[in-house]
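> Pasting a structure below so you can have a look.
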Amino acid sequence: MTAVAGRYVGQSVKRREDARLVTGHGRFVEDVAWPGTLHVAFLRSPIARGRIVNLDVSAALAVPGVHSVLTAADLNEHAREWWQNMIGKDAPMPPKRLLAEHDVRFVGEAIAMVLATSRYVAEDGVELIDVDFEAETPVLVERAGFEGVAADDANLVHPEWGSNVAQALPGPMGPGMPLDNPALEAVLASAAHVVTETFTQHRYLCVPMESQGINVRWDRHRERLEIVSATQSPHEVRSCAARLIGINDSQVHVVADDVGGGFGQKMFPATEELAVIMAAYRLGAALRWIEDRNENLIAGGHARNEDLTMTVATDESGKILGVRAHHREDIGAFPAYAVGSSASSVGMYLPGPYGFGEYFFSSEAVFTNTCGRVAYRGPWMMESVAREQMMDVTALAIGMDPLEFRRRNVVTPDQLPFTTSTGLVYETVTPQATLEQAAEMVGYDAFRAEQAEARTHGRLLGIGLSSYIEPSVGFGIMGAEQVDLRIDYDGSVVATTGSGSHGQSVETTLSQVIAETLGVDIDKVVFTQGDTAVAPFGSGTGGSRTAAVYGGAAREASVLLRNKVLAIAAEVLEASSDDLDMDLGVVAVRGNPGATISLADVAAVAYAGYTILPESIEPGLDVSFRIRAPMFMFSNATHAAVVEVDPVTGAVKVLRYLVSEDCGNMINPMVVEGQIAGGVVQGIGGVFYENFVYDADGNPLTTTFLDYLLPTAAEVPTIEYGHIVTPSPTPGGFKPIGEGGAINSPAALINAVRDALTPFGARVVSQPLGPQQIVDLIKGPASSAESI
Amino acid sequence: MSEHILHLTVNGEAQHVLVEGRKTLADMLRDDLRLTGTHLGCEHGVCGACTVLVDGAAVRSCLMFAVQAHGSQVTTIEGIADADGGLSAVQSAFRECHGLQCGFCTPGFIVSIESFLDAHPDPSDEDIREGISGNLCRCTGYQGIIKAVRLAAETRAATPQDMSAPDDAVSDARVGA
C-alpha cells in the first residue's frame, strides 16, 4: 500500500497519546489549577453597533469575591504591538483593541472583564455592570447586501479604516497573478461555450469540542510570564504576549499540553486571551479564562461566509479555454489575522487539478458588524467549493457528464511538471489517477443506470465528484521548522520541536519517523512539543504541514544523529562506519554478528569516554536540523458522494462516501484516514446542518448547540478510502493531508444533491441544504445556469 | 450563597464536600475532587463530554447540581479502568480503532458507551449510531468510534469477566442501571 513500509513508517502504529486520554488523564488548559488564580468573565456587547454612553462597574465591585473589574480605560493604552509571527509585521491590519472603547462593533465584543474567586462569582459581577448604549445602524450584508456594505461611507465598521472595504484585488498577490488579462476577454468573446454561475457558502465555524482558554501569571520577581494555553502554536502565543506588553520573547514561557481540537481557531491568541495576558501582567496576578460555548459560538471567530462567481469558457469538445472569477467575503469586524481575507489564496489555488487556460481573478472583502473571521481548515477552500460545483454546472450546460468533463480537463502525468494558470508548479500530483480510482470505486457508470431505474420509482439518487489539489505553504516561518534530537546518557532518544498537536497524533507520527530513521525502538523515543522553554522556535501545527515539514526535519535530524552514532561506534568497534548498521538501538558490524555496541554504550562514550575519539568528533550526541521546505507542497484527492433525497421531507441521506487520495508516503495510514474522515464530516456538517445566522439587526440567532447543529454519528456514512502513493521530493516523501477532507467534501456533497435534483431543474448554488431548503428547491421555479 | 455538605461515593471512594447549592455536579467533580477527566464542552447538555454514571445511569453532569448527587454512587472516566490501570474493553477499543484524536470528547463517549453496552450487549450498527448520537466529536468523523463500539461489544461478549466492574461500588452502580 505504501512506497515505504518500514518497521514503523508506513505502519498503523497505535497512538502513544491515547492511554492518558482514554482514562481521563489528559491535561487540557482547564485542568491546570494554580493556587490563588482569579477567574475571568467578560461583559459582552448585546448590540451590533453603537456608542457606549454609560459604563458603571461599582455594583459588580461590591460583590463578595470580585477582585476587580477592568475596562478599556485600564488596559487598552498599554497594548504595544499586535502583529503575529505567521503574518509578519508589515501586513495591513484593521484596528485592534483589548476591550471595546467608546463604541461596540459586534454582538459579543468584550467590554469589561470581571476578576473573581470563581467563574460563578465573576459572572455574578458581569450581571451587575451597568452599561448603556446609543445604538447605531449596523453594517451587515444581511441588511444592506454586499454591495450596500461596500458602498456605505456613512456607516463604517471601523471609522479608523475609512471604508468598509477591507481588501480589494487584483493587487500584488503572488506568482502569476495578473492585474488584468485582455487575452481572457478574447477567449470569452469567441469560445463555443461560456457558462457563468455564482456559488455561495454560508457562515459556519470551527467548533473544537474544547473551547478557547488560557491561564496566565506574571512572576514579578523573576520577570517571567507563565502561560498555559489551548493553542495550536505555543511560540505564536509567546511572541504575541511579549509584543503586546513590551517584554522579550525569552521572558514568556508558554505550555500547551493536550489541546482539544482547533481547526484554525487556535492558531492565534484570541483578543480575550490577550486581554487576560495584559491584565495578569498589569496586576501581577494569576488569571484564568475558559471560554464557554456561548462565547465560543458568538465571539470565538467565524469562517466561510463568501461567494464566488465563475465564468468558464470551453471549446466544442469541452476543453476549458479560460476562466474569470470574482470572490466576495464578509470578514466581520475583527478578523484574527491580517485583514482576514483568504482571497489571495483562493485566487491562486482556484485552478486546482485542471488546465484553466487564460485566467483572471478579482475579489473584495468587507468588514461588517459581526464576529470576525478566523482560519478554518482550508481557509481558502472556497476555490474547491466553487470550482468543483462549476465543473458540474458547466458540464450540465454543455450537455456532458461531469465525470467526462473532468476527464477532458484534468492534469495528466505526461503534463508534469505542470504550471497552473496562476504560476504554481505541480511535480508529483496524480489528479487523473485519483479521479479514475474514485470513479471505479464508486461504480460511476453502473450508478447512472441505477439512478435512472430509481427515478422511475420516484427515488432521487445523486452522485457527486470533487477533485482538488491540497496546497501547503512552506514560506515564512511555516517553511522552516526545526527538530532537536539527542540521545541521553542512558541511550534514550529525546526529540523536541515547535509543533502544537491538537489531535493530529504528532507525538506518534514524528516518533515513528525518528525511530525508523535513527534505527531505535519507538518506545525509546521521548517526544516533546508545546513547550517554548524546551522546543526550538516553531510555527505550531496548522496548514497541513506537520508530516511534510516537521516530518522532513525529523527525518533529516535523525540522519545526522545516526551518522554521529555510527561514527562513534566505528571508533569503538574499530570498523568503518560504512560497514555499520543500527537497528533497534544496537549498532552491529555488517557480516560480523559478534561485533555490536548498544546505543547506551555509544552514549557513554560520547558523553564521558570521548577521549578515545578523534578531535574531529565533537563529544555528546545532540543534533538540530531546521528544514527549508519548498514554497508550496501539494497532495491531491478525489471525493465521491452518493446521496438519496427524500422528495417529501427534504431529508438527504449520504449513502456512500469515498475518498481517493495521494498524500505521498503515509507515515501512519490509520492517522491519515482519521484526518480525512474528520474533515469529510466537517463538510457534511457544513453542507447539511451547521449554519450560523444573524438577523437584520446583527443579533446572532444560533448561540447554542440546540440551534447550531453539529453532525452526530447518526448522520455520517462509513467512509471508504483509496490510496495512491506518489512520494514528494521532500525528505521522507510526505505530503499534506490535514485539511483536504474539509476542503473537498462540500462540493462532492452539493454536487450529489444537485445531481439528485436534476429532474426538477433545481439551481443548487448555496447551502445549508437542510430539509426546508431542499423542499424549496424541489418546489421552486426551475432555473439553471445561463449558457451562451 | 447557601452551602451544603454533600456525602457521596465517587469511583468507590466516600467523599464529603462542601458545595454551593448552585454548583453543578461537573464543576464539583472537577474543582473540588480534581477529577478533571470529566470535560465541559457546552454546559447545556448537548455535547455529552461531561457524561458520568450516577447510580449506574449515564447523565450529563453539567445539567445536574452537585447536591442532587447526595447519597449517590458516581463513576467518572477515572473510575472506568481497573485499579491497576488495566483499560476497559471500551477504552482498549478506542485506542485500537483510532476512536479519538484530540481526546477532549473521549471521556464522555467512553462513559456513555459503557452504559450503552450494559444495556445493549449485542448492538446492531444502527443501534450503535443511535446509541452514541448523544455525544459530539469534532475530530474523528465518528468512524473510529463506531468501530470501537463494535469491537468493545465483541470483546465483552468473548470475555465475560470484562463485564465485571473494577470495584464493588461501580459494580453496584451498574446493577442499578
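Respectively, the protein sequence lines represent chains A and B.
The working numbering numbers the first residue of the first sequence as 625 and each following residue consecutively.
The working numbering numbers the first residue of the second sequence as 166 and each following residue consecutively.
A virtual CB, placed ideally from N, CA and C, is assigned to each residue, including glycine.
As the structure is a computational prediction, the values presented were derived from the model and not from experiment.
Any beta carbon from chain A within less than 8 Å of leucine 265/B's own beta carbon?
Along the second sequence, one-based indexing puts residue 265/B at 100. It does: the Cβ of leucine 265/B has a partner Cβ on chain A nearer than 8 Å.
> Where does threonine 695/A land, buried or exposed, given buried means 16+ other C-beta within 10 angstroms?
Counting from one through the first sequence, the residue named residue 695/A turns up at place 71. Under this definition threonine 695/A is a buried residue.
> Check the DSSP bridge columns for proline 1003/A and list the partner residues they point to.
Position 379 of the first sequence, counting from 1, holds the residue named residue 1003/A. For proline 1003/A, which the question treats as bridged, DSSP gives no partner whatsoever.
> Three or more beta-carbon pairs under 8 Å between the region 1349–1362 of chain A and the region 1069–1078 of chain A, yes or no?
Touching, no.
> Am I right that valine 664/A and arginine 912/A are in contact with their C-beta atoms under 8 Å? What's the rounded C-beta distance?
As a first step, residue 664/A must be located in the first sequence, where it is residue number 40. As a first step, residue 912/A must be located in the first sequence, where it is residue number 288. Confirmed, Cβ separation roughly 7 Å.
> How would you list, in chain order, the residues of chain B whose beta-carbon sits under 8 Å from the beta-carbon of valine 1304/A?
As a first step, residue 1304/A must be located in the first sequence, where it is residue number 680. Under the 8 Å cutoff, chain B gives Gly306.
> In the DSSP assignment, find the unbroken beta strand (DSSP E) run with serine 692/A in it and report its ends.
Sequence index remark: in the first sequence, residue 692/A carries index 68 (1-based). From DSSP, the beta strand (DSSP E) with serine 692/A extends over 690–695.
> By DSSP, does arginine 673/A sit in helix, in strand, or in coil?
Translated into positions along the first sequence, residue 673/A becomes position 49. Three-state result, arginine 673/A: coil.
> Starting from the C-beta of glycine 976/A, find all residues in its chain whose C-beta is less than 6 Å away, skip the five residues before and the five after it, and write them out in chain order.
By one-based count along the first sequence, residue 976/A stands at place 352. Within the same chain, glycine 976/A has close Cβ partners Arg1011, Tyr1092 and Ile1093.
> Looking at the ligand NAP, does it come within less than 7 Å of valine 1097/A, judged from the CB to the closest heavy atom?
Absent from the structure shown: the ligand NAP. Ligands present: none.
> Might you give, ordered along the chain, the residues of its own chain that have their beta carbon closer than 8 Å to the beta carbon of leucine 739/A, omitting 5 neighbours on each side?
By 1-based counting over the first sequence, the position of residue 739/A is 115. Counting only Cβ-Cβ distances below 8 Å, and skipping sequence neighbours, we find Leu662, His663, Val664, Val690, His691, Ser692, Val693, Leu694, Ala746, Ala903, Leu907, Ala909 and Leu911.
> Which residues in chain A sit within 9 Å of proline 286/B, going by Cβ to Cβ distance?
Along the second sequence, read from residue 1 onward, the residue named residue 286/B stands at position 121. Those do not exist, as proline 286/B stays about 19 Å from chain A at its closest Cβ, beyond 9 Å.
> Return the residue from the list Ser863/A, Ala880/A and Asp881/A that minimises the CA-CA distance to aspartate 873/A.
Counting from one through the first sequence, the residue named residue 873/A turns up at place 249. Selected option, being the one with the closest Cα: Ser863/A.
> Say whether chain B places a C-beta atom closer than 8 Å to the C-beta of lysine 890/A.
Taking the first residue of the first sequence as position 1, residue 890/A is located at position 266. No, no contact with chain B.
> Cβ of glycine 925/A within 8 Å of Cβ of cysteine 830/A?
By 1-based counting over the first sequence, the position of residue 925/A is 301. By 1-based counting over the first sequence, the position of residue 830/A is 206. Taking 8 Å as the Cβ cut-off, glycine 925/A and cysteine 830/A qualify as a contacting pair.
> Could you tell me if lysine 713/A is buried or exposed, where buried requires 16 or more neighbouring beta carbons within 10 angstroms of its beta carbon?
One-based indexing of the first sequence puts residue 713/A at position 89. Under this definition lysine 713/A is an exposed residue.
> Does the beta carbon of alanine 668/A come closer than 8 Å to any beta carbon on chain B?
Translated into the one-based positions of the first sequence, residue 668/A becomes position 44. Residue identity differs from the one stated: residue 668/A is arginine in this sequence, not alanine. No, no contact with chain B.
> Under 8 Å between beta-carbons, which chain B residues line up against methionine 1294/A? List them in chain order, please.
Counting from 1 along the first sequence, the entry for residue 1294/A is found at position 670. Going along chain B in sequence order, the residues near methionine 1294/A (Cβ under 8 Å) are His263.
> Assuming valine 883/A and glutamine 856/A form a contact by the criterion Cβ under 8 Å, report the distance between their Cβ atoms to the nearest whole angstrom.
For this step, residue 883/A is matched to residue 259 along the first sequence. For this step, residue 856/A is matched to residue 232 along the first sequence. The pair is a contact, with the Cβ atoms about 7 Å apart (cut-off 8 Å).
> Below 8 Å between beta carbons is the criterion; list the residues of the region 746–760 of chain A that meet it against any residue of chain B, in chain order.
Going along the region 746–760 of chain A in chain order, one finds no residue with a Cβ nearer than 8 Å to chain B.
> Count the CB pairs spanning the region 727–738 of chain A and the region 914–924 of chain A that are closer than 8 Å, and state whether there are at least three.
Yes, they touch.
> So histidine 649/A contacts chain B; which residues on that side make the cut at Cβ distance below 8 Å?
The residue labelled residue 649/A in the question sits at position 25 within the first sequence. Under the 8 Å cutoff, chain B gives Gly202 and Glu243.
> In chain A, which residues lie less than 8 Å from alanine 248/B when you measure between Cβ atoms?
In the second sequence, counting from the first residue as 1, residue 248/B sits at position 83. Per Cβ cutoff of 8 Å: no residues; alanine 248/B is ~12 Å from chain A at best.
> If you compare alpha carbons, which of Gly306/B, Gly244/B and Lys312/B is closest to aspartate 292/B?
Your numbering for residue 292/B matches position 127 in the second sequence. That would be Lys312/B, whose Cα lies nearest to the Cα of aspartate 292/B.
> Per DSSP, which residues does threonine 1120/A bridge with? Please list them.
Stepping through the first sequence from its first residue, residue 1120/A is reached at position 496. Asp1108/A and Thr1152/A.
> Hey, alanine 1176/A and isoleucine 1251/A are a contact pair by Cβ (cut 8 Å); roughly how many whole angstroms apart?
Translated into the one-based positions of the first sequence, residue 1176/A becomes position 552. Translated into the one-based positions of the first sequence, residue 1251/A becomes position 627. Per the sequence shown, the amino acid found at residue 1176/A is glycine instead of alanine. That belief holds up - the Cβ atoms of glycine 1176/A and isoleucine 1251/A are roughly 5 Å apart, short of 8 Å.
> Taking C-beta pairs closer than 9 Å, name the residues in chain A that isoleucine 297/B reaches, listed in chain order.
Within the second sequence, residue 297/B is the residue found at index 132, counting from 1. Within 9 Å Cβ-Cβ: Thr1336, Ala1337 and Ala1338.
> If we ignore side chains and look at the alpha-carbon of each, how far apart do alanine 1227/A and tyrosine 1113/A end up?
The residue given as residue 1227/A occupies position 603 in the first sequence. The residue given as residue 1113/A occupies position 489 in the first sequence. Between alanine 1227/A and tyrosine 1113/A, the C-alpha separation is close to 5 Å.
> Note down the Cα distance separating serine 167/B from glutamate 185/B, rounded to an integer number of angstroms.
One-based indexing of the second sequence puts residue 167/B at position 2. One-based indexing of the second sequence puts residue 185/B at position 20. Distance between the alpha carbons of serine 167/B and glutamate 185/B is about 6 Å.
> Leaving out five residues on either side along the sequence, give the residues of the same chain with a beta carbon under 6 Å from the beta carbon of threonine 1044/A.
Residue 1044/A sits at position 420 when you count from the first residue of the first sequence. Excluding residues within five positions, the ones whose Cβ falls inside 6 Å are Pro975.
> What first and last residue would you give for the beta strand (DSSP E) that runs through histidine 859/A?
On the first sequence, residue 859/A is found 235 positions in, with the first residue counted as 1. Here histidine 859/A belongs to no beta strand (DSSP E); instead the alpha helix (DSSP H) covers 858–869.
> Check whether the region 993–1007 of chain A and the region 878–898 of chain A are in contact - that is, three or more C-beta pairs closer than 8 Å.
Yes: at least three Cβ pairs fall under 8 Å.
> Let me see if you follow: with CB-CB separation under 8 Å, is isoleucine 1343/A close to chain D or not?
Among the protein chains of the structure shown, namely A and B, there is no chain D.
> Taking only beta-carbon atoms, is threonine 174/B less than 8 Å away from chain A?
Taking the second sequence and counting its residues from 1, one reaches residue 174/B at position 9. So, not an interface residue.
> Counting along the chain, where does the beta strand (DSSP E) carrying arginine 841/A start and finish?
Position 217 of the first sequence, counting from 1, holds the residue named residue 841/A. Its beta strand (DSSP E) spans residues 837–843.
> With a Cβ-Cβ cutoff of 8 Å, do arginine 640/A and serine 941/A count as a contact?
Numbered from its first residue, the first sequence carries residue 640/A at position 16. Numbered from its first residue, the first sequence carries residue 941/A at position 317. No; because the gap between Cβ atoms is not below 8 Å, this pair is not in contact.
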